[in-house]
Amino acid sequence: MIWDAVWLSLRLSAVTTLILLAVSLPLAWWLANTRNRLKPLIEALTALPLVLPPTVLGFYLLLLMSPDAPLGGFWLRLTGDTLTFNFAGLVVASCLYSLPFAVQPLQTAFAGLPSGMMQAAATLGAAPFDAFRSVALPLARRGVLTAGVLSFAHTLGEFGVVLMVGGNIPGSTRVISVEIYSAVETLDYRTAHILSAGLLVSSFAVLVLVYGVGRSRWRV
4 MIWDAVWLSL RLSAVTTLIL LAVSLPLAWW LANTRNRLKP LIEALTALPL VLPPTVLGFY
64 LLLLMSPDAP LGGFWLRLTG DTLTFNFAGL VVASCLYSLP FAVQPLQTAF AGLPSGMMQA
124 AATLGAAPFD AFRSVALPLA RRGVLTAGVL SFAHTLGEFG VVLMVGGNIP GSTRVISVEI
184 YSAVETLDYR TAHILSAGLL VSSFAVLVLV YGVGRSRWRV
């Protein structure tokens, strides 16, 4: 039972991180370079999960992904299964809840790139996407690493959002944090200690890695 929750959490974190990096790279690049008047609004929407209670986000996602809602109904017709109380729903909720942990490190990294870099690449004949892929992305690699690590770690420790959207179904939606909650409810403190200590150690290791990457940046 414990390992089912661990494996499910690791799989959820990996899938969420891959999706977030794919979505956040272009979004963060646009935010770092645009002068559009909508930029503050997009930044606020992106950062909203940082201040919004997870249960509030989970409640509205639960309504949005219900079979009676357009999104939930579309998914039901497409796959024959519901988004709620399903792994796919956990992925959607996790992507939204961990979005700022991917976008903000990337935006900071892109904003700190040398000015005129893309123009120089363009004068050498590089197309915009080629310049981004071969010049901007390698220079921002530490930001990409930080975004990936933080997204993975944050998803690994989620509780309120995944509980609201996925419930507590063993082997299907019961992730580590929900397993800890269930263990405490049944007074199984041994299981709660094992899982909690694992999350504590992994969270500390993530922070050491992130701060280590941040400090090494200035030695390059």
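Going by our numbering, the first residue of the sequence shown is number 4, and it counts up by one from there.
Backbone N, C-alpha and C define an ideal beta-carbon position, used for all residues, glycine too.
Could you give the distance in angstroms between the alpha-carbon of A156 and the alpha-carbon of P52?
In a straight line, the C-alpha of A156 is about 15 Å away from that of P52.
Rounded Cβ spacing between L203 and V181 (contact assumed at less than 8 Å)
That pair is no contact at about 17 Å.
Express the C-alpha separation of V147 and I114 in angstroms, rounding to a whole number.
A small fix is needed here, since residue 114 is Ala in this sequence, not Ile. One C-alpha to the other measures close to 13 Å.
Compute the distance between the beta-carbons of I45 and C98, then report whether it is under 7 Å.
Not closer than 7 Å, so no.
Since R145 is in the alpha helix (DSSP H), which residue starts that stretch and which ends it?
R145 -> alpha helix (DSSP H) spans R144 to L159.
Reduced DSSP category for M120 - H, G, I as helix; E, B as strand; rest coil
In the three-state reduction of the DSSP assignment, M120 falls in the helix class, which pools H, G and I.
Counting Cβ pairs, one atom from each stretch, are 3 or more of them under 8 Å apart for the segment 85 to 101 and the segment 167 to 181?
Yes: at least three Cβ pairs fall under 8 Å.
Could you pull out every residue in the same chain whose Cβ sits closer than 6 Å to the Cβ of F207, ignoring the five residues on either side in sequence?
No residues qualify anywhere along the chain.
What separation, rounded to the nearest whole angstrom, lies between the Cα atoms of G160 and S154?
Going from the Cα of G160 to the Cα of S154 covers about 10 Å.
Apply the 10 Å Cβ neighbour rule to T126 and answer buried if 16 or more other Cβ atoms are within range, or exposed otherwise.
Exposed, because fewer than 16 other Cβ atoms sit within 10 Å of the Cβ of T126.
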